[in-house]
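Residue numbers (this note's numbering): 976 to 1026.
Glycine included, C-beta positions come from ideal geometry on N, C-alpha and C.
Read through the structure below, which is laid out as structure tokens, and then see the notes.
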Amino acid sequence: MSAPRYGIWVSVGGNFGPLNTLDEPINASYERTRSLVLEAERLGYVTTLVA
976 MSAPRYGIWV SVGGNFGPLN TLDEPINASY ERTRSLVLEA ERLGYVTTLV A
């Protein structure tokens, strides 16, 4: 059996967590999305999903 592979969902409309806070305003810019994908790749995630 192969090891599980994990991925992330990329925000296309903003980051809608439990609350939209001043610490993390809604942001679906290319720059933010790119940095999140690169960080996920660095952490070992192998799939990027786009809704």
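Through-space distance from residue j to residue i, alpha-carbon basis
i     : j     : result
V952  : R980  : Nothing can be reported for residue 952: it is not among the residues displayed for the chain, which extend from 976 to 1026.
W984  : T1008 : 10 Å
D998  : G982  : 25 Å
G1019 : A978  : 13 Å
P1000 : M976  : 42 Å
A1026 : E1006 : 18 Å
Y1014 : N1002 : First, the amino acid is wrong: residue 1014 is Glu here, not Tyr. When rounded, the distance between both Cα atoms is 17 Å.
S1004 : E1016 : 18 Å
Beta-carbon spacing of residue i, residue j below 8 Å
i     : j     : result
V1012 : T1023 : yes
Boundaries (first-last residue) of the beta strand (DSSP E) holding residue i
i    : result
V946 : The displayed coordinates of the chain run from 976 to 1026. Any statement about residue 946 would go beyond what the structure contains.
DSSP beta-bridge partners of residue i
i     : result
I983  : T1023
E1006 : Per DSSP, none; premise fails for E1006.
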